[in-house]
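Working notes for the structure below.
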Amino acid sequence: REDGDADRDRIMQGFLDEARPAMDPRAVVRGDHWRIGVLTDSLLRLEWSDDGVFEDGVTQVVINRDFAPVPDFTVSERDGMLVLDTAHLHLVYDRGPFSREGLSVEVNGVATHRNTWRYGEDGSHGNLGGTARTLDEADGPIPLSPGVVSRDGWAVLDDSTSNVIDVEPVVDGAPNPFGAWIRPRAHHGLDLYVFGYGHRYVDAVRDFCRLTGPSPVLPRWALGNWWSRYHPYAQDEYLGLMDRFSREGIPFTTAVLDMDWHLVDVDPSLGFGWTGYTWNERLFPDHRAFLRALHDRGLKVTLNVHPRDGIRAYEKEYPAVARDMGLDPESKRPVEFDAAGPRFAAAYLDMHHRLEAEGVDFWWIDWQQGGVSRQPGLDPLWMLNHLHYRDSAHDGHWPMTFSRYAGPGSQRYPIGFSGDTVISWASLAFQPYFTATASNVGYGWWSHDIGGHMLGRRDGQLEARWYQFGVLSPISRLHSSSSPFSGKEPWNFEPELRDSMVASLRLRHRMIPYLHTMNHRAAEELLPLVEPMYWRSPEQPDAYAVPGEYRFGSELLVAPVVEPDDPAARRGRVQVWLPQGDWFDLFDGRRYASPVASGRRMALWRGLDRIPVLAKAGGIVPLQELGEGFGTGPDTLNSTDNPRSLELLVFPGADGSFTLREDDGRFGGDVVDTAMDWRWSADGPCSLRIAAATGAVTALPDRRRWRIVFRGVADEPRIEVSVAGDPRTPAVDYDPGTLSLSIALEAVPVASDALVSFPHGLPVAAVPLRAAPHHLLLHAQIPY
Numbered sequence: 181r182e183d184g185d186a187d188r189d190r191i192m193q194g195f196l197d198e199a200r201p202a203m204d205p206r207a208v209v210r211g212d213h214w215r216i217g218v219l220t221d222s223l224l225r226l227e228w229s230d231d232g233v234f235e236d237g238v239t240q241v242v243i244n245r246d247f248a249p250v251p252d253f254t255v256s257e258r259d260g261m262l263v264l265d266t267a268h269l270h271l272v273y274d275r276g277p278f279s280r281e282g283l284s285v286e287v288n289g290v291a292t293h294r295n296t297w298r299y300g301e302d303g304s305h306g307n308l309g310g311t312a313r314t315l316d317e318a319d320g321p322i323p324l325s326p327g328v329v330s331r332d333g334w335a336v337l338d339d340s341t342s343n344v345i346d347v348e349p350v351v352d353g354a355p356n357p358f359g360a361w362i363r364p365r366a367h368h369g370l371d372l373y374v375f376g377y378g379h380r381y382v383d384a385v386r387d388f389c390r391l392t393g394p395s396p397v398l399p400r401w402a403l404g405n406w407w408s409r410y411h412p413y414a415q416d417e418y419l420g421l422m423d424r425f426s427r428e429g430i431p432f433t434t435a436v437l438d439m440d441w442h443l444v445d446v447d448p449s450l451g452f453g454w455t456g457y458t459w460n461e462r463l464f465p466d467h468r469a470f471l472r473a474l475h476d477r478g479l480k481v482t483l484n485v486h487p488r489d490g491i492r493a494y495e496k497e498y499p500a501v502a503r504d505m506g507l508d509p510e511s512k513r514p515v516e517f518d519a520a521g522p523r524f525a526a527a528y529l530d531m532h533h534r535l536e537a538e539g540v541d542f543w544w545i546d547w548q549q550g551g552v553s554r555q556p557g558l559d560p561l562w563m564l565n566h567l568h569y570r571d572s573a574h575d576g577h578w579p580m581t582f583s584r585y586a587g588p589g590s591q592r593y594p595i596g597f598s599g600d601t602v603i604s605w606a607s608l609a610f611q612p613y614f615t616a617t618a619s620n621v622g623y624g625w626w627s628h629d630i631g632g633h634m635l636g637r638r639d640g641q642l643e644a645r646w647y648q649f650g651v652l653s654p655i656s657r658l659h660s661s662s663s664p665f666s667g668k669e670p671w672n673f674e675p676e677l678r679d680s681m682v683a684s685l686r687l688r689h690r691m692i693p694y695l696h697t698m699n700h701r702a703a704e705e706l707l708p709l710v711e712p713m714y715w716r717s718p719e720q721p722d723a724y725a726v727p728g729e730y731r732f733g734s735e736l737l738v739a740p741v742v743e744p745d746d747p748a749a750r751r752g753r754v755q756v757w758l759p760q761g762d763w764f765d766l767f768d769g770r771r772y773a774s775p776v777a778s779g780r781r782m783a784l785w786r787g788l789d790r791i792p793v794l795a796k797a798g799g800i801v802p803l804q805e806l807g808e809g810f811g812t813g814p815d816t817l818n819s820t821d822n823p824r825s826l827e828l829l830v831f832p833g834a835d836g837s838f839t840l841r842e843d844d845g846r847f848g849g850d851v852v853d854t855a856m857d858w859r860w861s862a863d864g865p866c867s868l869r870i871a872a873a874t875g876a877v878t879a880l881p882d883r884r885r886w887r888i889v890f891r892g893v894a895d896e897p898r899i900e901v902s903v904a905g906d907p908r909t910p911a912v913d914y915d916p917g918t919l920s921l922s923i924a925l926e927a928v929p930v931a932s933d934a935l936v937s938f939p940h941g942l943p944v945a946a947v948p949l950r951a952a953p954h955h956l957l958l959h960a961q962i963p964y
């Protein structure tokens, strides 16, 4: 490609240009062999170097060390020890080689005798966990690497052995096509980051993301449903499946093709079919037409690749790659995979560019071969994630990749593939906790095999509950193994289960406006979509006792059902903790009061139609309406365009606000905001204002239909509505089943305000004390 050099410069050199690796000299205290950097009043960098040379470059993990403004700190001498104090930390150091006796950091304001870190301690006692490389073959809990939050108040990130990215015009005696490259550290020593944030967990994670890089914004389409299955699909079979999903009214935005898209039965003398880059023409006689057809249906496409075996002589791409590598194609010598070689990386990426030109949108990097490369300390998985993510932005594409976690800093390379789990209740029960805890190391975009991948047993109820968690997790991707009996299509299950699954998938697509707003929040405010409950309530013991419950964006709490339904009640039970305040069921509007500061523990029971999803008092949740048919227009089923029709769920009990953020569909492009302000009163004037859109307004349709649903409210208040100051008489409806007052506003210009007022207030609906137990008993499997 003629612009290949510029693209390669962006991959490595551009990464350096975006970084701020050098510490502000005013934040540094140093001696001949040691250096202390005060990055914030709660984050210290501690270095020891035998030769007195320290690292100021970009590492695999750390890219920013200049945290303006420089925090206030003092340095003093006490009994021959250096003492450094900030607003939150008290460091004592003997100026010698790091030792348990000679180096400690005490965290102020943490009520535990374990609030002091001493060199050599890993903090495992109080650490609240991070994440893991993969859930492959997991059947329940697995060990997790540490995060940067701890009940003891401190955590340590050791960056001593990670490689460095630097300008390298020549690598291994040959010109480097990337301009910069990754190399081992030239000087050995210790490079530690001590996070002493006490119980300010949100601050700790935000500063971890400042240190190691933020999670970038995902394309809007990535937030819909993904279809994936390890199965040798034929071209017409796959398209027919997508068409049936459309006829059934089940929206999907991403089509995943597992490894059978490429040749898998190959001459053993030339290699093993696990790695492949050549379309299987027996299954896909016209793969270019196939990819166009998926795009015509409004789907993005990703292909699975296992890069381990490099490029072998049976591949169609082999002659071009061999020539790029200086090999004679007639030799049939394999082009070996080399994570550390820039020449190989350039040839490897150029091969992917040629495949992408045929219609592949992004790649599923399915690396399973460990962490060893030809370069000491260089994990091939990390290198693949970095190269593919950075390269995927070429030619104006929205960058994205899909791969396993490769250690701290991996949030820069979304989306994460968590691996092949066993189909069991134990696997499902672990995944909500695993997803929430990953946020403790800034990793917010896990994609799980929803429904489980392999083995286990067939259990339709388990599948339905997994669907419900999946659509309320970061990425909703159905997946299963190659077994002919494990397909996740809803029509493979009994009617009640099928209805639940279809409702879940439709809900996910409707939630894209909310999810995309939280997507921007994650990148801009460094707040992952999923948060453990203890983040916002660190001093409440009950917040730590609900590992499967989590905040889902700014407005919602989610508590998936992860065990079989009670056979008598025919409902699933989940123990929840509600922070202080009023909470409303997203689906039926029922209020749950939590009046005391310590919150409220209770069991919630839900049938197969839903799981506990609670909106905060004053919450505002934007949803999009579903279209019909397939294609890429604004009214079609799979569309992820900025919608013309929106539903707004608004909850009483408190004032609230929400700013819907949309964009123009370009990575780093222009955004457009629609602010919503809710001023609530039960018995006095209250109102909801939808402000005129600001920013890139041309990215929106000129007019929108708003269906505003006040959920959890009483019936028949007096209503006044205006658009751009002009009164309107909208259609109004009340549904006692969901305690919802609905107001339809047609053709509202996006450049105008809309105001819905209740001059005499909007009371919270009474809990349906008769209907709820009657419904429970009507369906209970118990003696008359």
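All letters in the sequence shown, in the order written, are residues 181 to 964 by my numbering. Beta carbons are placed, not taken as given, at the ideal position from N, Cα and C, and that holds for glycine. Everything numeric in this text was worked out from a predicted model, so none of it was measured.
Sheet register partners of A773 (DSSP bridge): DSSP links A773 through a beta bridge to D762.
Per-residue DSSP class, three states only, for M782:
strand
L758 and G728 closer than 8 Å at C-beta: no
Closest residue to L642 among S662, S256, N672, W605 (Cα-Cα distance): W605
>> Can you tell me whether E227 is buried or exposed? The criterion is at least 16 other CB atoms within 10 Å of its CB, across all chains shown.
In response: buried
- prompt: Which of the three DSSP states, helix, strand or coil, is assigned to N460?
  reply: coil
With a floor of 4 residues, list each alpha helix (DSSP H) that falls wholly inside the stretch 436 to 502, ordered by position along the chain.
The stretch 436 to 502 contains, as complete alpha helix (DSSP H) runs of 4+ residues, the segments 467 to 476 (chain order).
Checklist line | N- and C-terminal bounds of the alpha helix (DSSP H) containing I603 | finding: Element bounds for I603: n/a, residue is neither H nor E.
_Please classify Q548 as buried or exposed, where buried requires at least 16 neighbouring CB atoms within 10 angstroms._
exposed
Per DSSP, cross-strand counterpart(s) of K796: In DSSP, K796 forms a bridge with W763.
Check your understanding: Which residue's Cα is closest to the Cα of P249: R225, V218, V741?
Key -> V218
Worksheet item: Does the Cβ-Cβ distance between Y413 and L535 come in under 8 Å?
Response: In this structure, L535 does not lie closer than 8 Å to Y413 by Cβ.
Note to self: Assuming contact is defined by CB atoms lying nearer than 8 Å, are W544 and D489 in contact in what I supplied?
What the structure shows: Between W544 and D489, the CB-CB gap reaches or exceeds 8 Å.
Where T314 falls, given that 16 or more other Cβ within 10 Å makes a residue buried: By the Cβ-count criterion, T314 is buried, with 16 or more other Cβ atoms from all chains shown falling within 10 Å of its own Cβ.
- Query: Terminal residues of the continuous beta strand (DSSP E) containing M856?
  - Reply: 851 to 859
**Message:** If you measure between the beta carbons of M203 and R258, is that distance less than 8 Å?
**Reply:** Cβ atoms of M203 and R258: not closer than 8 Å.
_Using a 10 Å radius around the Cβ and a threshold of 16 neighbouring Cβ atoms, would you call L353 buried or exposed?_
Note that residue 353 corresponds to Gly in the displayed sequence, not to Leu. Exposed: under 16 other Cβ atoms inside 10 Å.
How many angstroms separate the CA atom of H467 from the CA atom of A526? 25 Å
According to the Cβ coordinates, are S590 and Y410 closer than 8 Å?
The answer is no: Cβ separation not under 8 Å.
Does the stretch 618 to 636 come close enough to the stretch 383 to 392 to have 3 or more Cβ pairs within less than 8 Å? yes
What residue from S920, R883, G631, Y964 has the CA that sits closest to T854's CA? In terms of Cα proximity to T854, the closest of S920, R883, G631, Y964 is R883.
Given a cut-off of 8 Å, decide if V830 and I800 are closer than it, judged by their beta-carbon atoms. yes
May I ask which residues mark the beginning and end of the alpha helix (DSSP H) holding S680? 675 to 690
Contact check, P740 vs I791 under 8 Å by CB: the rounded distance?
5 Å
Next on the checklist: With distance defined between alpha-carbon atoms, name the residue in G917, P321, V347, P326 nearest to D338.
Outcome noted: P326
My guess is that F582 and F542 are in contact by the Cβ rule of under 8 Å, so how many angstroms apart are they, rounded?
Contact check for F582 and F542: beta-carbon distance about 7 Å, within the 8 Å limit, so the pair qualifies.
**Asked** Who are the Cβ neighbours of A573 in its own chain at under 6 Å, not counting the five residues just before and after it?
**Response** P579
Worksheet entry | CA-to-CA distance, N295 to G376, given in whole angstroms | 9 Å
Leaving out five residues on either side along the sequence, give the residues of the same chain with a beta carbon under 6 Å from the beta carbon of D913. Only S922 meet the Cβ criterion.
(message) For D571, report the span of its alpha helix (DSSP H) as first-last.
(response) 560 to 571
**OP:** Give the straight-line distance between the Cα atoms of R678 and N672, rounded to the nearest whole angstrom.
**Re:** 8 Å
According to DSSP, is R331 part of a helix, a strand, or is it coil?
coil
Beta strand (DSSP E) runs wholly inside the stretch 597 to 641, at least 3 long, in chain order
none
Check whether the stretch 195 to 211 touches the stretch 223 to 239, taking contact to mean three or more Cβ pairs, one atom from each stretch, closer than 8 Å. yes
Between the Cα of P744 and those of G752, L737, V738, spot the shortest distance and give me the residue it belongs to.
G752
Cβ-based burial, R637 [other Cβ within 10 Å; buried from 16] | With fewer than 16 other CB atoms across the displayed protein chains lying within 10 angstroms of its CB, R637 is exposed.
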